[in-house]
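Student:
Residue numbers (our numbering): 1434 to 1662.
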């Protein structure tokens, strides 16, 4: 594991959630790399949906319609299916390659400072739904890759996205779904603070409270109440 991702790894995997502290979650030594991982997960998930659920069926229908009857055999359907699955795997490769490029390009185009990058990464570490989606996508994608290689990885990611969509709906209704969900209990006052600004918007120097630079504690209760008035 690259040095500087230990805290991110512990939070993402929840393997040592019992030892997680807010001080560890506020430590972000490599914000651009950490943000790049998140963006790559998103581009891979988008590529899986586009390649597996949109391009695959359209291309499959096209090949069946354009195949001449004299060339059609008992194996034609299998050959077409395999060609479409190879195509959806190539779309996934494109998504994986696009993630780092988008991250660097976006950071340079917006001229994001290290503090703004850390702000975004910090918010993402507390975004339960996004963490859950990424965990499930990686886990199911790996299972799909193990059995059917990259085409199966696309199937696994799409299954994971379907399950996480159901989970997020249930979660908003007050229910819970325990598989790969966060075990670390994030302080509720911190959650309320980070909801007040869009992810990655940054916080101006004049708005930063005294605890911002270290970010080792959440705002005191009286300070939080003053910000919500």
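Note that the Cβ used here is the ideal one computed from N, Cα and C, for glycine as well.
1. Classify residue 1460 as helix, strand or coil using the three-state DSSP reduction.
2. For residue 1501, does the count of other Cβ atoms within 10 angstroms reach 16, so buried, or fall short, so exposed?
3. Do you know how far the Cα of residue 1547 is from the Cα of residue 1465?
4. Just the Cα atoms here: how many angstroms apart are residue 1449 and residue 1564?
5. Do the CB positions of residue 1477 and residue 1521 come within less than 8 Å of each other?
6. Identify, in the order they occur along the chain, each residue of the same chain with its Cβ nearer than 8 Å to the Cβ of residue 1536, setting aside the five sequence neighbours on each side.
7. Whole angstroms are fine: how far does the CA of residue 1490 sit from the CA of residue 1508?
8. Distance, Cα to Cα, residue 1533 vs residue 1452?
9. Give the straight-line distance between the Cα atoms of residue 1566 and residue 1447, rounded to the nearest whole angstrom.
10. To the nearest angstrom, how far is the alpha carbon of residue 1600 from that of residue 1445?
11. Would you mind stating whether residue 1570 and residue 1593 have Cβ atoms separated by less than 8 Å?
12. Applying the criterion that 16 or more other CB atoms from any shown protein chain within 10 Å of the CB defines a buried residue, is residue 1524 buried or exposed?
13. Would DSSP call residue 1568 helix, strand or coil?
14. Based on Cα-Cα distance, which residue from 1538, 1596, 1463 lies nearest to residue 1550?
15. Exposed or buried, which one is residue 1454 when buried takes at least 16 other CB atoms within 10 Å?
Tutor: Per the coordinate set shown:
1. In the three-state DSSP reduction, residue 1460 falls in the coil class, being neither helix nor strand.
2. When all chains shown are included, residue 1501 counts as exposed.
3. Taking the straight line joining both Cα atoms gives about 8 Å.
4. Rounded to whole angstroms, the gap between the alpha carbons of residue 1449 and residue 1564 is 16 Å.
5. Contact: no.
6. The answer, listed in chain order, is 1465, 1468, 1469, 1472, 1473.
7. CA-to-CA, the gap between residue 1508 and residue 1490 works out to about 18 Å.
8. Each residue's alpha carbon lies about 31 Å from the other.
9. Those two C-alpha atoms are separated by around 14 Å.
10. Their backbone Cα atoms lie some 18 Å apart in a straight line.
11. Cβ atoms of residue 1570 and residue 1593: closer than 8 Å.
12. Counting of Cβ neighbours within 10 angstroms places residue 1524 among the buried residues, the total reaching 16 or more.
13. The three-state reading of DSSP puts residue 1568 in helix, counting H, G and I together.
14. Answer by Cα proximity: 1463.
15. Classification for residue 1454: exposed.
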